[in-house]
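Count along the sequence shown from 1, add 671, and you get the number used in the working numbering. All C-beta atoms in this analysis are idealised placements derived from N, C-alpha and C, irrespective of residue type, glycine included. Contents: one structure, followed by commentary.
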Amino acid sequence: MEKTDIIKGKFQSVLFRNDENSYTVRKFKLQEEEKAITVTGYFPDLPKDVFFRLYGSYQEHPRYGMQFVLESFERVEIDDVESLIAYLSSPAFEGIGQKMASTIVEVLGTEVLTKIKSDPECLLTIPKLTAKKRQAIIEGVNNAVDDEEEALRYFTLNGLQMRQAMKLQAVYGKTMKEVLLENPYRMVEDIDGIGFQTADKFALSLGFELDNPYRIQAVCVSLVMQLCMQSGSSFVTIDELENAMLKQLRGIDYDFAGIIEELRFSQKIVIEEDRVYHVSQFEAESFIANYLNEFPHNGMDAVDKLEIDRHIELVQEEYRIEYQSEQLVAIHTFFENDLLIMTGGPGTGKTTVVRAMVNLSKRLFPQSTISLCAPTGRAAKRLSELTSHPATTIHSLLNWNLETNTFGRNEENPLQIDILIVDEFSMVDQWLLFNFLKAAPNVRKIVFIGDEDQLPSVSPGCVLKDLLEVDCFSFVRLHKIFRQKEGSDIISLAHDIRNDQCVEIPDLSDVKFIPCSQYEVKNYVIHLVLEAINKGYEPTMVQVLAPQYSGVAGIDALNLSLQKVCNPAENGKRELRVGYRTFREGDKILQLKNQPDDGVFNGDIGILLEIILASENENKKNSIIVDFDGVFVEYTPEFFHHITHAYCISVHKSQGSEYPIVIMPVVSEFRRMLQKRLLYTGITRAKKSLVLLGSVDAFMIGLHTKEQKERTTTLQKRILDAKKWREDYL
672 MEKTDIIKGK FQSVLFRNDE NSYTVRKFKL QEEEKAITVT GYFPDLPKDV FFRLYGSYQE
732 HPRYGMQFVL ESFERVEIDD VESLIAYLSS PAFEGIGQKM ASTIVEVLGT EVLTKIKSDP
792 ECLLTIPKLT AKKRQAIIEG VNNAVDDEEE ALRYFTLNGL QMRQAMKLQA VYGKTMKEVL
852 LENPYRMVED IDGIGFQTAD KFALSLGFEL DNPYRIQAVC VSLVMQLCMQ SGSSFVTIDE
912 LENAMLKQLR GIDYDFAGII EELRFSQKIV IEEDRVYHVS QFEAESFIAN YLNEFPHNGM
972 DAVDKLEIDR HIELVQEEYR IEYQSEQLVA IHTFFENDLL IMTGGPGTGK TTVVRAMVNL
1032 SKRLFPQSTI SLCAPTGRAA KRLSELTSHP ATTIHSLLNW NLETNTFGRN EENPLQIDIL
1092 IVDEFSMVDQ WLLFNFLKAA PNVRKIVFIG DEDQLPSVSP GCVLKDLLEV DCFSFVRLHK
1152 IFRQKEGSDI ISLAHDIRND QCVEIPDLSD VKFIPCSQYE VKNYVIHLVL EAINKGYEPT
1212 MVQVLAPQYS GVAGIDALNL SLQKVCNPAE NGKRELRVGY RTFREGDKIL QLKNQPDDGV
1272 FNGDIGILLE IILASENENK KNSIIVDFDG VFVEYTPEFF HHITHAYCIS VHKSQGSEYP
1332 IVIMPVVSEF RRMLQKRLLY TGITRAKKSL VLLGSVDAFM IGLHTKEQKE RTTTLQKRIL
1392 DAKKWREDYL
């Protein structure tokens, strides 16, 4: 457990404050020293000239030096003459100067504040103290401890982090303590980032019973969302929910039908037939369906086909390329329709077409604004490089706030964009698309680009599949393979898998299959990685992918083995033990969470540059500094779970990225995970060379295995219903 340090003093100037989440950087003058220290953390706008006791830890910031990271705080009762005089003559007590403050302390002693609180008339004994000044002192003393400060202190003492307590204060204000003592489970629905377990632990510490009605309702709502996250569906059935609650609340009596009805009435869930939706998923589906049926409010001007053809000729000359018939159809469809969905496997020229769309739009709509985006940082970077046009992540485009999980771009602050192109659309879930479209009332042309055979989004929904199958929108499928150089064998294999035409293990120049047992995988992987590095490939250019973390050929085991050979322990090379992992300077690191403020995103890969130990320079916390292609990010212990080793990563984490060399174990111990989409997605991450290791039988079985349970949504139904309503009534 980290040591908690305690400092005492007064707050001074504010150096930085984020009003959205109350993260503050402020100078704090220590009581026993002349110097001031920088304090960072989540806390309200606290007054000056008041003594506070701060609990937290010292931290050496690589850029700003020594700081004190706040965990909690409390006001300090002042008990020495000098401090009392300074306090009573501060701006908190209007009209009281140092001379009068000295007289008050001299007459009433060092317990002056306690005496004034309990008996304000004691001030009548102070000579020359007017009624106005007496009232100012009484009000100043009584207002010394703010109710909100007291509430924050209460909640942090009962297990909540200061950041969580500040979120509660931002939502509930002065009623925070009153509201949450009545029903602490409200915070699950009202506060993003606080889940059922946190609320439940807090509630049980307050004495709430296991069968409390608020608790039973919170269990039900959290299970609806949890089951949707597990299945990828946008709803659960009544039976599925009832069975899950029986398991979760074993031994507790409750009225399931009554709870469902109460939650429906309070609009926390929505019920249609036997389907139960979390309100967020229901709103997402409904909004997406209506938006797409009404899109656009103001379309782009029509362009003559001959004019388009003329500019296509100019673009072909500029790029020294000749677009094929499929690509020309896609380009013309883009200009003929406000909404276009373009799909295709690897090597079918999707990016070539996007580059043409961007170039032609600049020529034909010179006043228009064009934005390119993708779900991940690596995918956005690759899109930008291939199209020569700036691209960003969807979260960055929407000004996503990590603390509140909200978007700065929305209905009130919409995007000012004419043409919007979204790549890797198969990774986009319903909730993200919902927020994306809410911010896009002014967008006039949209293109969704993706590969429908890749893995679907992590969160609920199968948006690309739904939009294609509903058959209400213009779409183009690219089939022809254009890449006829290094890596083309990988593309051929991917298309054979996609079309269910892979009937035997391939023997190709760019694709190798090495039969081996799961116990031999480790040695083969080590040999192959070292061979590539010896040939001049950087560690980031060689990526091992595996379907699961556990097992002798799983991600954890391979990362451990690869670290030993790719970045062995050496004298002078620092390392830090975090759980079962040992981070070492020089390690290949994977980012697991979006950190937009730091410019890194889920799936980014970097190199661990430096480990700063807690024992150095009075620093009380270890820290890790990672270089993500020139973006330097520091991690302290509370953020160590945002990173892991990247010698081997999951196929899901690799989505949206490409690597020159991919090595992928396919063994029988992965059989639960081996499915056609996963194998296809992993294989298509390889750009030049692919090596598969393991069992021929496991590989072939995986190719013919689809998801154990198809995702179910009602997005298609809502789109068709909205379309029919418009046809009937508009």
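{"Check": "Segment limits, alpha helix (DSSP H) that includes S957", "Outcome": "V950 to E965"}
{"Check": "Cα-Cα separation, I685 to K698", "Outcome": "It should be pointed out that residue 685 corresponds to Val in this sequence rather than to Ile. Their Cα atoms are separated by approximately 6 Å."}
{"Check": "D1298 - DSSP class collapsed to helix/strand/coil", "Outcome": "strand"}
{"Check": "Under the three-state DSSP convention, the category F1005 falls into", "Outcome": "helix"}
{"Check": "Close beta carbons around L852, own chain, < 8 Å, minus the five adjacent residues each side", "Outcome": "L877"}
{"Check": "Residue interval of the beta strand (DSSP E) (run including K698)", "Outcome": "Y694 to L701"}
{"Check": "Through-space distance from A1240 to V1297, alpha-carbon basis", "Outcome": "18 Å"}
{"Check": "Beta-carbon proximity list for F687, same chain, < 6 Å, skipping 5 on both sides", "Outcome": "V696"}
{"Check": "S1321: first and last residue of the uninterrupted beta strand (DSSP E) it sits in", "Outcome": "C1319 to S1321"}
{"Check": "contact_flag[the region 776-791, the region 737-745] where n(CB pairs < 8 Å) is 3 or more", "Outcome": "no"}
{"Check": "In DSSP terms, what Q1214 is bridged to", "Outcome": "V1333"}
{"Check": "CA nearest to the CA of E860, picked from T1040, T1014, K838 and N1194", "Outcome": "K838"}
{"Check": "Residues that E943 bridges to, as DSSP identifies them", "Outcome": "R946"}
{"Check": "Buried or exposed (CB count within 10 angstroms, at least 16 for buried), R1389", "Outcome": "buried"}
{"Check": "CB contact flag (D1094, L1054, <7 Å)", "Outcome": "yes"}
{"Check": "Continuous beta strand (DSSP E) stretch holding M1013: start and end", "Outcome": "L1010 to G1015"}
{"Check": "Start and end residues, alpha helix (DSSP H) containing T1376", "Outcome": "Neither: T1376 is in no alpha helix (DSSP H) and is coded neither H nor E."}
{"Check": "Distance, I942 Cα to Y843 Cα", "Outcome": "29 Å"}
{"Check": "Cα-Cα separation between G1301 and N1081, rounded to whole angstroms", "Outcome": "31 Å"}
{"Check": "Where the alpha helix (DSSP H) containing S1159 begins and where it ends", "Outcome": "S1159 to R1169"}
{"Check": "contact_flag[the region 1023-1030, the region 998-1015] where n(CB pairs < 8 Å) is 3 or more", "Outcome": "yes"}
{"Check": "Pair within 7 Å by beta-carbon distance, H1323 and K1264", "Outcome": "no"}
{"Check": "contact_flag[the region 1322-1340, the region 1362-1377] where n(CB pairs < 8 Å) is 3 or more", "Outcome": "yes"}
{"Check": "Validate contact between the region 1005-1015 and the region 1138-1155 using beta carbons, cut 8 Å, 3 pairs", "Outcome": "yes"}
{"Check": "C-alpha distance - Q1101 paired with P967, whole-angstrom precision", "Outcome": "20 Å"}
{"Check": "Same chain, Cβ closer than 6 Å to G1270, five either side skipped, listed in chain order", "Outcome": "V1302"}
{"Check": "Exposed unless 16 or more other CB atoms sit within 10 angstroms - verdict on K1377", "Outcome": "exposed"}
{"Check": "Among P855, V710 and N964, nearest to D871 - alpha-carbon criterion", "Outcome": "P855"}
{"Check": "Boundaries of the beta strand (DSSP E) in which D676 is found, first to last residue", "Outcome": "D676 to N689"}
{"Check": "T1315 - DSSP class collapsed to helix/strand/coil", "Outcome": "strand"}
{"Check": "Those residues which DSSP pairs with F1146 across a bridge", "Outcome": "I1012"}
{"Check": "C-alpha gap between L1280 and L1247, whole angstroms", "Outcome": "13 Å"}
{"Check": "Top-ranked residue by Cα proximity to V950, from I940, F958 and C891", "Outcome": "I940"}
{"Check": "Per-residue burial, H1166 [other beta carbons within 10 Å of its own, 16 or more giving buried]", "Outcome": "buried"}
{"Check": "Rounded straight-line distance, which links the Cα of E954 to that of Y948", "Outcome": "9 Å"}
{"Check": "Assigned secondary structure, K1116 (DSSP; H/G/I helix, E/B strand, else coil)", "Outcome": "strand"}
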